[in-house]
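FYI, in full-length UniProt numbering the residues of the sequence shown are 1 to 984.
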Amino acid sequence: MLIRPISFAYNPLRKCDCKWKSLRLILNGSTGGLKMEIGGSFYERKYYSTCYMCACRCGIEVYVRNGKVTYIKGNDDHPLNKGVLCAKGSSGIMKEYSPARLRKPLLRVGPRGSGQFKEIEWDEALEIAAKWIKEAAQKNPSKVAFFTGRDQMQAINGWFAGQIGTLNWAAHGGFCSVNVAAAGLMSVGYSFWEFGDPDFEHTKYFMMIGVAEDHASNPFKLGIQELKRRGGKFVFVNPVRWSYGAIADEWVPIKPGTDGAFILGLAHVLFKYNLIDWEFLKEFTNAPWLVIQAPGTPKDGLFYRNEEGKPMVFDKKSNSFKPADRIVPEDLDPAFIGEFETPEGYKVRPAFDIFAERIVKDYTPEKVEKITGIPAETIERIAKELGVTALYNPIELPIEWTDVWGRKHKKMVGRPVSFHIMRGIASHTNGYQTARAVFVLMMLLGCIDRPGGHLAKPPYPKHIEDLPKPKKIKSLDELEFGKPYGPHLGIPQSPDDLLVDEKGNPLRIDRAYSWEFPIAAHGCIQNVIPAAYQKDPYDIEVLMIYMANMAWNSSQNIPYILEALTAKDASGNYIIPKIITIDAFYSEMVAYSDLVLPDATYLEQWFALSLLDRPPSVASGPVDAIRQPIVEPQDLKGEKLDVLPWGEVMVRLGTKLGLPGFLNEDGTPKYKDWKDFLINWQPQPGVGALAGWRGKNGDKHFVGEPNPNQLEMYAKNKGFFYYPLPEHMRYYRHVNKDYLEWAKSVKFVKRTDPIIMNFYVETLQKFRLAGQGLWEGENQPPNDPAIRERLVRYFDPLPFWYPPFEEEVSGKDYPLYAFTKRPQWMYHSWDSQNAWLRQISTRNYLYMNPKTAKKLGIKHLDWVWVESRIGRVKCQVFLTECTEPNSVWTWNAIGKMIGAWGLKPEAEEGHQGFLLNHVIPHSIKMNGKEFYYGDPITGHLAWFDTKVRVYKAEDQTPETYPEFKVEPLPYIKERWVDVLRYKP
Ligand code: SF4
Numbered sequence: 001m002l003i004r005p006i007s008f009a010y011n012p013l014r015k016c017d018c019k020w021k022s023l024r025l026i027l028n029g030s031t032g033g034l035k036m037e038i039g040g041s042f043y044e045r046k047y048y049s050t051c052y053m054c055a056c057r058c059g060i061e062v063y064v065r066n067g068k069v070t071y072i073k074g075n076d077d078h079p080l081n082k083g084v085l086c087a088k089g090s091s092g093i094m095k096e097y098s099p100a101r102l103r104k105p106l107l108r109v110g111p112r113g114s115g116q117f118k119e120i121e122w123d124e125a126l127e128i129a130a131k132w133i134k135e136a137a138q139k140n141p142s143k144v145a146f147f148t149g150r151d152q153m154q155a156i157n158g159w160f161a162g163q164i165g166t167l168n169w170a171a172h173g174g175f176c177s178v179n180v181a182a183a184g185l186m187s188v189g190y191s192f193w194e195f196g197d198p199d200f201e202h203t204k205y206f207m208m209i210g211v212a213e214d215h216a217s218n219p220f221k222l223g224i225q226e227l228k229r230r231g232g233k234f235v236f237v238n239p240v241r242w243s244y245g246a247i248a249d250e251w252v253p254i255k256p257g258t259d260g261a262f263i264l265g266l267a268h269v270l271f272k273y274n275l276i277d278w279e280f281l282k283e284f285t286n287a288p289w290l291v292i293q294a295p296g297t298p299k300d301g302l303f304y305r306n307e308e309g310k311p312m313v314f315d316k317k318s319n320s321f322k323p324a325d326r327i328v329p330e331d332l333d334p335a336f337i338g339e340f341e342t343p344e345g346y347k348v349r350p351a352f353d354i355f356a357e358r359i360v361k362d363y364t365p366e367k368v369e370k371i372t373g374i375p376a377e378t379i380e381r382i383a384k385e386l387g388v389t390a391l392y393n394p395i396e397l398p399i400e401w402t403d404v405w406g407r408k409h410k411k412m413v414g415r416p417v418s419f420h421i422m423r424g425i426a427s428h429t430n431g432y433q434t435a436r437a438v439f440v441l442m443m444l445l446g447c448i449d450r451p452g453g454h455l456a457k458p459p460y461p462k463h464i465e466d467l468p469k470p471k472k473i474k475s476l477d478e479l480e481f482g483k484p485y486g487p488h489l490g491i492p493q494s495p496d497d498l499l500v501d502e503k504g505n506p507l508r509i510d511r512a513y514s515w516e517f518p519i520a521a522h523g524c525i526q527n528v529i530p531a532a533y534q535k536d537p538y539d540i541e542v543l544m545i546y547m548a549n550m551a552w553n554s555s556q557n558i559p560y561i562l563e564a565l566t567a568k569d570a571s572g573n574y575i576i577p578k579i580i581t582i583d584a585f586y587s588e589m590v591a592y593s594d595l596v597l598p599d600a601t602y603l604e605q606w607f608a609l610s611l612l613d614r615p616p617s618v619a620s621g622p623v624d625a626i627r628q629p630i631v632e633p634q635d636l637k638g639e640k641l642d643v644l645p646w647g648e649v650m651v652r653l654g655t656k657l658g659l660p661g662f663l664n665e666d667g668t669p670k671y672k673d674w675k676d677f678l679i680n681w682q683p684q685p686g687v688g689a690l691a692g693w694r695g696k697n698g699d700k701h702f703v704g705e706p707n708p709n710q711l712e713m714y715a716k717n718k719g720f721f722y723y724p725l726p727e728h729m730r731y732y733r734h735v736n737k738d739y740l741e742w743a744k745s746v747k748f749v750k751r752t753d754p755i756i757m758n759f760y761v762e763t764l765q766k767f768r769l770a771g772q773g774l775w776e777g778e779n780q781p782p783n784d785p786a787i788r789e790r791l792v793r794y795f796d797p798l799p800f801w802y803p804p805f806e807e808e809v810s811g812k813d814y815p816l817y818a819f820t821k822r823p824q825w826m827y828h829s830w831d832s833q834n835a836w837l838r839q840i841s842t843r844n845y846l847y848m849n850p851k852t853a854k855k856l857g858i859k860h861l862d863w864v865w866v867e868s869r870i871g872r873v874k875c876q877v878f879l880t881e882c883t884e885p886n887s888v889w890t891w892n893a894i895g896k897m898i899g900a901w902g903l904k905p906e907a908e909e910g911h912q913g914f915l916l917n918h919v920i921p922h923s924i925k926m927n928g929k930e931f932y933y934g935d936p937i938t939g940h941l942a943w944f945d946t947k948v949r950v951y952k953a954e955d956q957t958p959e960t961y962p963e964f965k966v967e968p969l970p971y972i973k974e975r976w977v978d979v980l981r982y983k984p
């Protein structure tokens, strides 16, 4: 059905003979939107791939003519984005031809940060990299630290670091959303975004809490559309009404860092009105398990267990203690409230009882109003809406299924309320407990992996006790160059899983899994540069950074970070001796590096979006996908770029270094190149980077020998592999017999017994006992009251709210909360170089509520100082009612270092754009000890804890301060033009 031709800001059809005849809009059955069909002569070839203009992993179709991309559109058949493409995805063409693209390896010849480099050949670059890594790792592998940013090959990068033998590897989760991931995995065996999504098809009430827009972007656009079409309610809890908030049915403005109190206030009201799914708590969670009440003893706060080690409940039917593994309705009626005495003389209470006492006492709506700024009646109303929707409007799907206890069910019943949280609530020093509160709230409402609720995405959920743990060593002396180390990351189950030496000192450079950040499930990338500068806990020799702009928008306290990167010792040597950066663009981090290995873009290489990593799965089944080489690396003028995909460099480097995983037994290279690696790499027998079309002939899925034609088979299947689960395996997966048996057969889980959800996280209590000196295990915390107090205070097995640390340290003098958000049209620092996206914004403002401005004597567009306890930054104010009065905020990463990212020196990004990170602290003093600026449980960077004061600048010159400059590369200067226009 031809509807009508449409025009675009960039319309490739204008460049072809078949003007207006090659584009058709068709009603798309699956999304209800318009689907585009493209034909005609403006392209010679079409490729299927996966977008990488942000981390959402949407399927794309890429059209190519004369070796250049002429158009990118969404892949209509891709289960994740169903044809939807955002502004960033469409602008991938201009990323390809960014003036900031690197063209050859670089070796620094001037001082760090000067931008003085010489171009070298790849052979020399690899020789230098191998020499630096080998010399350092032969002293001790920990001298090499490899930290990666928003890469999508973390499983492979971690494995590579492990082959060197270093324990110092992590990706970017420490400054992104590890609080949510860790809290989710430890509570329900899965989490949000890549790990779980709302069931938009059935949900009736959807609540988005925090600054979450940049995660799961296109699927959420589709989902919210679906929800609103069916008349569902969308509630947006956020200090700022922006992006998705614009179409929310209700905006609930909240003071930053107080979300945990709000959630627990909702729990209070649910309990008050008995709007709780007791059956769910009984069957699927440990809420009724009995907790020993014996303060001052090593048993305090642990589950009461029988002789076989099984946790116990108190059965009201038989008036006796029974093992909790028999919790099925016909067997037991476990008590949720009360105190009991065991035959051994212990006082015990159900975990729920302890929680109930807390929420009843501490989280009345009136108390929560004082903390959050949300009126008590609003809290009460929203809680009732949630509870009534969940409990009295259940979804019933006529799908028969069998649970792990062998019971057959005629239907699937669901609670149609769902949530989404990510960085907004995570990036606080109370982020882990806040995220925990959300998972507990979902348990109360019974909306976990049930129709209408929040669904897991395979390969999740997983048994919480089976989650990986970091490989334990007791001394760095146990590491050897070329002796594989790993896994690097995971979830410790007790203090004995920490990576500390005999004295309790950290073994990792970033202090992950130390007593300071015991459950640093994603590592702490943000601590690496300060730690290496301070040589605390030790010095390193080679810092490798892949796709992370650690010299600018991915660090805090930038003046300090730049000092760390350029500081020299008494002999005139850099304190961080060697910095190797892998990136495709001339970022600030590249400018502060010694050796630069230029990467290819996402349209120029083979790549696997793997189930071993963060796959593009959907709740209805696992999905993995590829990228493929579509165009040759070239700049806008068509000049060929001598760049290589990092994967190719990794294979060459690993082979050159003689790392065991890259060599056959006879010492010959195991992999021909990166493509060969993607096909043949198997971290465990039969399991590789991609799950589809395994086996020699491509007739096996998930487990099977490598298939030499696997990547081509993906390309033929529109770039992805989707295994839609049969309907009866799509819900209740924690206890779904058929799902768990299938998941075991494809190695997603190790066993088929139920995945019990942790209402109460006993692991945290073990750390608390350690803080009290009562842990009977091997690892004991140092005798430092500052560390011990953190363990005692914050490692609560039940969620609670406490003020962000900054509130205590500087809250009185700095009354406003300051934080950043990612603009919908740019993915952090990646897109200020993109000519099409720069048309939307080239600079940022400080957004402020007009009432706040009036009190401060500030007018719209005044230049102001934003000052925190570590410094100040000058910027321009933009007044908007869309910001709650206690907050100020801005877009992240629009402000740039002058001369970076291929921008001209006069570009607004360097002069009117500003970086809030200059005033975000990188550390905080608590009880006399300086800690990195993170959540005490996971180390998650507390980006959004910053408190500031704002005052009008005397000098209204429209120029930000501080400004930093770097010299652009000579060839980048040659690319500067007045109008950057793509000509296919
Ligand atoms: S949401 Fe992200 S991955 Fe999807 S099209 Fe947009 S930029 Fe690409």
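Backbone N, C-alpha and C define an ideal beta-carbon position, used for all residues, glycine too. As the structure is a computational prediction, the values presented were derived from the model and not from experiment.
Buried or exposed (CB count within 10 angstroms, at least 16 for buried), residue i
| i | result |
| --- | --- |
| S570 | As written in the sequence, residue 570 is Ala, which differs from the Ser given in the question. The residue is exposed, with fewer than 16 neighbouring Cβ atoms inside 10 Å. |
| S868 | buried |
| P970 | exposed |
| D945 | buried |
| T890 | buried |
| V457 | Note that residue 457 is Lys in the sequence shown, not Val. Label assigned to K457: buried. |
| V966 | buried |
| K896 | buried |
| R838 | buried |
| E541 | buried |
| residue 987 | Any property of residue 987 remains undetermined from this structure, which presents the chain solely from 1 to 984. |
| A835 | buried |
| P105 | buried |
| T70 | buried |
| D699 | exposed |
| D331 | exposed |
| I337 | exposed |
Cβ-heavy atom distance, residue i to ligand 3, below 7 angstroms
| i | result |
| --- | --- |
| S142 | In the structure shown, ligand 3 is absent; the only ligands present are ligand 1. |
Nearest neighbour of residue i, chosen from the options [CA to CA]
| i | options | result |
| --- | --- | --- |
| N892 | R508, A691, E807, M826 | M826 |
| N573 | P111, G189, D536, D496 | P111 |
| G446 | V417, A87, H268, I156 | V417 |
| A551 | V528, I630, P537, E541 | V528 |
| H215 | G654, R57, P343 | R57 |
| D583 | N549, K670, F607 | N549 |
| N717 | E61, I374, E44, M53 | E61 |
| D935 | W289, G523, N680 | G523 |
| H701 | K672, F748, K370, Q833 | F748 |
| I327 | I756, L264, N917, N736 | I756 |
(request) Note down, one range per segment and in chain order, each alpha helix (DSSP H) of at least 4 residues found wholly within the region 532–584. (result) 558–566
(request) Let me know the alpha helix (DSSP H) ranges lying completely inside the UniProt domain "4Fe-4S Mo/W bis-MGD-type" (44–100), each 4 residues or longer, listed in chain order. (result) 87–90, 92–96
(request) Please list, in chain order, all residues with a C-beta atom less than 5 angstroms from at least one heavy atom of ligand 1. (result) C51, M53, C54, C56, C58, L85, C86, K88, G89, S217, N218
(message) Count Cβ pairs between the region 179–192 and the region 218–225 that sit closer than 8 angstroms; are there 3 or more?
(response) no
(request) Would you mind listing the beta strand (DSSP E) stretches within the region 819–878 that are 3+ residues and don't spill past its ends, in chain order? (result) Inside the region 819–878, DSSP marks whole beta strand (DSSP E) runs of 3 or more residues at positions 846–848, 863–868, from first to last along the chain.
(message) Check whether the region 759–773 and the region 901–919 touch, using three or more Cβ-Cβ pairs below 8 angstroms as the test.
(response) no
(message) Tell me whether the region 118–137 and the region 513–530 touch, counting them as touching only if at least three CB pairs, one residue from each stretch, are closer than 8 angstroms.
(response) The region 513–530 and the region 118–137 do not touch, with fewer than three beta-carbon pairs separated by less than 8 angstroms.
(message) Quick check: the region 817–826 against the region 270–287, are at least 3 beta-carbon pairs closer than 8 angstroms?
(response) no
(request) Kindly confirm or deny that the region 658–672 and the region 689–696 touch, where touching means at least three C-beta pairs closer than 8 angstroms. (result) no
(request) Decide if the region 641–658 is in contact with the region 600–618; the criterion is three or more beta carbon pairs, one per stretch, under 8 angstroms apart. (result) yes
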